[in-house]
Amino acid sequence: MHTVVPDDAVRIGEPFTEEHESLRGAVRRWAEDEIAPNAEQWEADEWFPDEVFRRAGELGFLGLTVPERYGGQGGDYWSTVVRAEELARGRSGSVSMALAVQSDMATPPILKFGTEQQKQDYLVPSVTGEKIACLGITEPEAGSDVARIRTRAQRVSDGWVINGSKMFITNGVRADYCTMVVRTSPADEGDGLGWSGISLFLVDTDLDGFHVSRKLDKVGMRASDTAELSFTDLHVPDTALLGTEGQGFKQIMWELQGERLISAIGAVAGAQFMFERGLEYSRQRHAFGRPIGSFQVQKHRLMDIATRVGASRRLVYEACDRWNRGEYAINEVAMVKLDTAQLSFWVADEVMQLFGGYGYSQEFPIERAWRDSRLMRIGGGTDEVQREIISKLMGL
Amino acid sequence: MHTVVPDDAVRIGEPFTEEHESLRGAVRRWAEDEIAPNAEQWEADEWFPDEVFRRAGELGFLGLTVPERYGGQGGDYWSTVVRAEELARGRSGSVSMALAVQSDMATPPILKFGTEQQKQDYLVPSVTGEKIACLGITEPEAGSDVARIRTRAQRVSDGWVINGSKMFITNGVRADYCTMVVRTSPADEGDGLGWSGISLFLVDTDLDGFHVSRKLDKVGMRASDTAELSFTDLHVPDTALLGTEGQGFKQIMWELQGERLISAIGAVAGAQFMFERGLEYSRQRHAFGRPIGSFQVQKHRLMDIATRVGASRRLVYEACDRWNRGEYAINEVAMVKLDTAQLSFWVADEVMQLFGGYGYSQEFPIERAWRDSRLMRIGGGTDEVQREIISKLMGL
Amino acid sequence: MAADLDLTPTTAAQGTRLPLYAEEHEALRASARAFVANELAPHVEAWEAAEDFPRDEVFRTVGAGGWLGLKFDERWGGSGPDYLAHAVWLEELVRTGSAGLNADLGAHADLALLYVDRNGDDQHKERYLRPGIAGETVGALGITEPGAGSDVAGITTRARRDGDDWVITGEKTFITNGAWCDWIVLAVKTDPEAADQHRAISLFVVDTDLPGVQQQRLKMLGWRLSHTGQLRFDDVRVPASAMLGAEGSGFLQIMQNFAWERVSMSIGASTAAQRTLEAAIAYAKERHAFGRPIASFQVWRHRFADLATRIATARALTYHALRLHVANETGHDVDPIALMRATAMAKLSTQRLAFEVADECVQVHGGYGYMMEYPAQRWWRDARLGPIGGGTDEIMKEILAKTYGL
Amino acid sequence: MAADLDLTPTTAAQGTRLPLYAEEHEALRASARAFVANELAPHVEAWEAAEDFPRDEVFRTVGAGGWLGLKFDERWGGSGPDYLAHAVWLEELVRTGSAGLNADLGAHADLALLYVDRNGDDQHKERYLRPGIAGETVGALGITEPGAGSDVAGITTRARRDGDDWVITGEKTFITNGAWCDWIVLAVKTDPEAADQHRAISLFVVDTDLPGVQQQRLKMLGWRLSHTGQLRFDDVRVPASAMLGAEGSGFLQIMQNFAWERVSMSIGASTAAQRTLEAAIAYAKERHAFGRPIASFQVWRHRFADLATRIATARALTYHALRLHVANETGHDVDPIALMRATAMAKLSTQRLAFEVADECVQVHGGYGYMMEYPAQRWWRDARLGPIGGGTDEIMKEILAKTYGL
């Protein structure tokens, strides 16, 4: 009989090997020892130290799937899964998000599309955490709609001149460079907007003409810096072009898969973490003389949560499996993005209700997780955008 | 201080007078004594006797708001509310629906738009139950979209010749006449379909060319006869035209308000009835050694039901109040139609879950109410159509 | 005849069988709206940013406007009792857009003053109600404790007799105005050993400048402009005259006064839901995505239609509860079970809904919905208190279940 | 390089870390699909209209096709054990479009035969399993009673010792195949006074042609083609050899066999949900409203996207439970708690979902959805059993809660 158990899985039914589990331990220790104790303070500071990036790099957590020749660990995608899962124990959505932008959003296009020089100049120092990266897609007037970006690069003799602006850019205040989506020629059709004529650039943030217009004040993820950027006659050399001119839309579509997938992994991990907090509280807290977990309504609430978390995790793992094998699983990725974004906020909200007044109070970490998790249904393509993708793939 | 209590209300906070409450008693007795005991058998027969119409007429229940000079009771709309509420105790959605078609869908346009002769010929015998009426709007290819009807009446020297078909016509198998929506001229624009050029007719079903193509086999409301009708060179006299030629769309839009409102009243009443069945069962049925109503999850389920029923009833009453005063409350009516259609099936479904296996069994009446109540989200304009109406009225 | 058929949709009505507001109330609404627009709304963004507002100035201005006395007799400086007038004020107060500000005003006028008015003697009213109506002092209501969230009978703050005085010890939390109130109506156990625990509780009015009282503000997800706090009472000595109502009557008083708390919360939440939906729609009409206004997408149109329908339903129930409450207050013979059900159901119908509307409002704003510079996020945070505060949704269901014998 | 970037969405995959079906299973799928299409599906509408199907012919045909023996050893006429092969069969069986037919086949192969295989001795297997696999006799599983829906420990059917025999008295209901089975695996109390009620129950295989057995068919909302029934046992005498497994081991056997019942129900429901969604989409593409295909309306497109996402999620969990079950059956060291959670969660995730999909399928059909001539109404009625049968959704949560110590 055919076996459904991989030989090297350490737990039946799970995709992880011993190597992954040992990485899990290392990430968890870092998250619990070095992040969690500072999480509240960093939120209050509306900033966490750049040192976190360097420390993550030192520990090897920024290049888990990057080939060793660029300083990475050369692991498979399950290493990334492990990192994203365990980072939830750092209790800082802000740090998790910032690191995900660094390793799973802004830099994979460099590895995939970049020249050797670009890899040396940007990827290698990003893996060590010496350089901090951000990703520039969204614009003030083009939220979920990449095809409508207006930031333009004009060819000049010795490179390109970029004008425009970018919005909601995570790490944007502190980044050393930006992997940026720019229009290099008008779209073939209609109003000149559209998916054609878009290219990617690697832009150093210390260049003249690169401005951080403002640091945005967000309702959650407050330790993470989010910027509005503007570019005025920003001159970049020819070598700033990443990949093929005019292929940027396709390239960024590819990037978005990894972006959405890591956000989905993190969302499930966050939901699991919140479930555990709820479970713990339901055993400790008493009302009307008994633990609130003994009230059937709270018990069933927790089991509804456990079931949805359990189910969502399995679809995420299936999508990870495809991504790990190099498939372009746009359907599964859109599904897990949609599903887990809703899951994570729903779980946070249910756990808040379980905590009652204490859930609403800033004395307990529930309300912060609740605020943080709400971003998922907006960032990386809203729920509505994911539904558009899925329904189009169904031929609708 | 201003008083919020009408002087003649018999219960504080309720809109009913003593007169209404006495009518309520009469309807309830009829429903409990003469309908409920036969309901199961009629469902099995897929028919209930025509006698039910005549008995309802005899008791005065078919002309509650019709002026006395046409044989009615000359009451206000709250009488209709009382009738619809108490008929739920007859446990026959089929009978409730058939009577509602007679008194609140097919005949109000006669009273409102008809000539004196039409009132004498159709309204008066409908109030007594001697003539049974049906309403012909929907067509096989125009479900929720009145403007797209294709049944046509062609002017001839001595009247009109009608060709076409109608679908899902309640009372259509047994009706003596049909209040019918017919296209009398092509619409002004586009493909000749559209809201203009539509008129109403009163058509005797015994005329040559009027065919009951088939009696439809439905999943619920099985004692009620639903027909597909077809018309082949059906000749009607000039006097068959109801109201003004070409004004039929407006007239039927008006009719739909009363149709949706009575369906909403019935839906809430049905939901209330189901809630009471659930409450009763939750006290009687034991599991794990105690009444299932003592399990918190079932308790909260019932209270969720009670709350939604309670809230929906209040909006229905507000809409009834407007209708009673002659307002064209299209927004409120669409809202109560949408809300109560969802409510009544949701309640039936929750009560089925409470009943467990017995809810699924035909030994108990729960599964029939469940099937019956599902029609509301489809008939009289689907949920989706109501949302279109409401959003358009919000300027969207 | 058909030619005369007027199919103009109606938008508002005042009928004979379902009356609520009278003409005088609509006149009052205009002046309430103007007051809110002129005196409060212009400051809200600055106050919210500072998470503070000038207590005395605001309470006195509102008091001088007459808005704190609508429910109370002229004898004590009020203009009522007219609960409907106060309902109009609550509806208009929502236009401040700050649930935290409204909560502080409400904890004073709808809770603390209400208890004094309904359960106090003339001496209490002279001392607390009259200056309270004028906005000269600020009150709070102290029931909830750290260890007893929704379980009133389970409170442990206690008062022991010492000669003619009572000496109070315990802790209260989640008390709106608790961080800065001048006085508080406090639920304490005066007879912790009572066989009937419902007779164990009494109410006191306690001045917060007495020795042994500590007040501390709480930081919360929302209502950040409110001065919700916790209070400690260490051997706080009060005279016997500080007792509100009869000894052992506290539980009953609390249960009776819950009716208005729930009605007022329902009015606030259903009105806030309506305002928030309007703001969401306005934004959706203006903001474009994929080259069209967001409001032109069918999924948003239908979502707005669903929300509008749910708001209408919840508001209809709220008005029903309000009608019953007013009838009850004006000497009509209202079935107490019907009143209890209507008020608990109204709270249950409105609070989660108001939050869900706010959540959709955030969603329609996209990335901007997550930004502090837009008020959407604040409405969303603020609205989340509703299903928790004033008795959680779960507690409402428990209360309702009791009325059905479950 | 970008020019080589292949963004063709993938549609199916078989990976190394999350393996499930092997190539041999996909081959089996093709023949299962052909069998269902040729032997069963063509008759379904007629059978459903008659609410009956030719028992012996159908069971023998399915048996002869080898579909009843995939999970069982060759020694008894099976071709396994291969639960994955059987899972493939269950997925394809959904294409009959008749949950009632599938239920009768499943009650025989996935419940009755499973119990005999796992808990019976060679004599039992010779007598029941071998002819059962061939489709020559039809079995059922009798646990539920009129007074004990989900409460296995609360059953009252009892067997008392009489010499070497046992004499059984009691009643069972909601037993699939109960109305026409040749034999039934019956849960009875053999020691009603046992201190540990979990040791009070034993299982017997009882022939239904014995004196004192009465079988009656039940009429239900859905599953109308199934022969779900109730049985009465009036002093039914069976020999000691009719006992399956050890005396007092019944509760444990039942708990262990629940795993496959839940997995098989989850496979059925998640697959039915997928098929129903496909049918709904096909109809929406073809049917026009307001001059356009219904499928072109954004609210329907997004609703379909949501359903597809939820189905994918539930199926992923189902496959996880299936993986664990297979690993457990094939001698791997599976954590029993993980298995119990995965199977209960899978059932909880899939059953309500399958119904909700069917409900949307009715809705998209409009008036036609309500008509018996379209299968949508049948799928909808049939699917509603899922959250009730095989342990209600509420019971699943109770079971899960126990695994978390709640």
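Residue numbers (this note's numbering), protein chains in the order written: chain A, 35 to 430; chain B, 35 to 430; chain C, 607 to 1012; chain D, 607 to 1012. Every residue, glycine too, gets a C-beta built ideally from N, C-alpha and C. Owing to the predicted nature of the structure, the values given are computational and were not obtained by experimental measurement.
One question on the structure: do residue i and residue j come within less than 7 Å of each other, judged by their Cβ atoms?
{"i": "A:Pro49", "j": "A:Trp112", "result": "yes"}
{"i": "C:Ala639", "j": "C:Val694", "result": "Just to set this straight, residue 639 of chain C is Arg in the shown sequence, not Ala. The answer is no: Cβ separation not under 7 Å."}
{"i": "D:Arg823", "j": "D:Gly835", "result": "yes"}
{"i": "C:Ala715", "j": "C:Leu690", "result": "no"}
{"i": "B:Arg348", "j": "C:Leu699", "result": "no"}
{"i": "B:Ala65", "j": "B:Gly124", "result": "yes"}
{"i": "C:Leu959", "j": "C:Ala879", "result": "yes"}
{"i": "D:Val869", "j": "D:Thr949", "result": "yes"}
{"i": "C:Asp988", "j": "C:Gly828", "result": "yes"}
{"i": "A:Val343", "j": "A:Ala298", "result": "no"}
{"i": "B:Val246", "j": "D:Met978", "result": "no"}
{"i": "B:Gly91", "j": "B:Thr162", "result": "yes"}
{"i": "A:Asp480", "j": "A:Ser233", "result": "Lying before the first or after the last residue shown, residue 480 of chain A is absent from chain A, which here runs from 35 to 430."}
Is it right to say residue i is buried, meaning 16 or more other beta carbons lie within 10 angstroms of its own, or is it exposed?
{"i": "C:Met1002", "result": "buried"}
{"i": "A:Ser56", "result": "exposed"}
{"i": "A:Lys153", "result": "buried"}
{"i": "D:Met607", "result": "Model confidence at D:Met607 stands at a pLDDT of 41, short of 50, so the residue's coordinates are unreliable and nothing is read from them."}
{"i": "B:Glu384", "result": "buried"}
{"i": "D:Ala609", "result": "Because D:Ala609 sits at a pLDDT of 48, beneath the cut-off of 50, its placement in the model cannot be relied upon, and the point is left open."}
Would you tell me roughly how many angstroms separate the C-alpha atoms of residue i and residue j, rounded to the nearest one?
{"i": "D:Asn934", "j": "A:Tyr211", "result": "51 Å"}
{"i": "A:Glu150", "j": "A:Pro142", "result": "14 Å"}
{"i": "D:Trp682", "j": "D:Ile739", "result": "8 Å"}
{"i": "B:Asn197", "j": "B:Ser137", "result": "27 Å"}
{"i": "C:Leu735", "j": "C:Gly741", "result": "10 Å"}
{"i": "C:Pro625", "j": "B:Asp355", "result": "10 Å"}
{"i": "A:Asp110", "j": "C:Gly753", "result": "49 Å"}
{"i": "D:His911", "j": "B:Gln332", "result": "Here the sequence assigns Ala to residue 911 of chain D, which means His is not the residue at that position. Between D:Ala911 and B:Gln332, the C-alpha separation is close to 32 Å."}
{"i": "C:Gly760", "j": "C:Val819", "result": "22 Å"}
{"i": "C:Ala1007", "j": "B:Asp373", "result": "24 Å"}
{"i": "A:Ser130", "j": "A:Ser258", "result": "9 Å"}
{"i": "B:Gly59", "j": "B:Lys146", "result": "29 Å"}
{"i": "C:Pro845", "j": "C:Thr915", "result": "53 Å"}
{"i": "A:Ala400", "j": "A:Met308", "result": "With the sequence shown as reference, residue 400 of chain A is identified as Ile, and Ala is not the correct amino acid for it. C-alpha separation (whole angstroms): 8 Å."}
{"i": "D:Ala848", "j": "D:Val812", "result": "7 Å"}
{"i": "D:Ile943", "j": "D:Thr1009", "result": "7 Å"}
I believe residue i touches residue j by the beta-carbon criterion, under 8 Å. Please report the beta-carbon distance rounded to the nearest angstrom.
{"i": "D:Leu809", "j": "D:Tyr925", "result": "Contact doesn't hold; Cβ gap of about 30 Å is too wide."}
{"i": "B:Val180", "j": "B:Ile286", "result": "6 Å"}
Notebook entry, point to check: Below 8 Å, can you find three or more Cβ-Cβ pairs linking the stretch 298 to 311 of chain B to the stretch 106 to 122 of chain B?
Noted result: Three or more beta-carbon pairs drawn from the stretch 298 to 311 of chain B and the stretch 106 to 122 of chain B are found closer than 8 Å, and the two stretches are therefore classed as touching.
* Asked: Taking one C-beta from the stretch 963 to 970 of chain C and one from the stretch 387 to 394 of chain A each time, how about it: are there three or more such pairs within less than 8 Å?
  -> No, the stretch 963 to 970 of chain C is not in contact with the stretch 387 to 394 of chain A.
- [ ] Examine the Cβ distances between the stretch 763 to 779 of chain C and the stretch 724 to 735 of chain C and report whether three or more of them are shorter than 8 Å.
- [x] Not touching, per the Cβ criterion.
The stretch 412 to 427 of chain A contacting the stretch 896 to 908 of chain D, beta-carbon criterion three pairs below 8 Å
Result yes; three or more Cβ-Cβ pairs closer than 8 Å.
For this session: Determine, using beta-carbon pairs with one atom in the stretch 286 to 295 of chain B and one in the stretch 265 to 273 of chain B, whether at least three such pairs fall under 8 Å.
Result: At 8 Å Cβ cutoff, the stretches do not touch.
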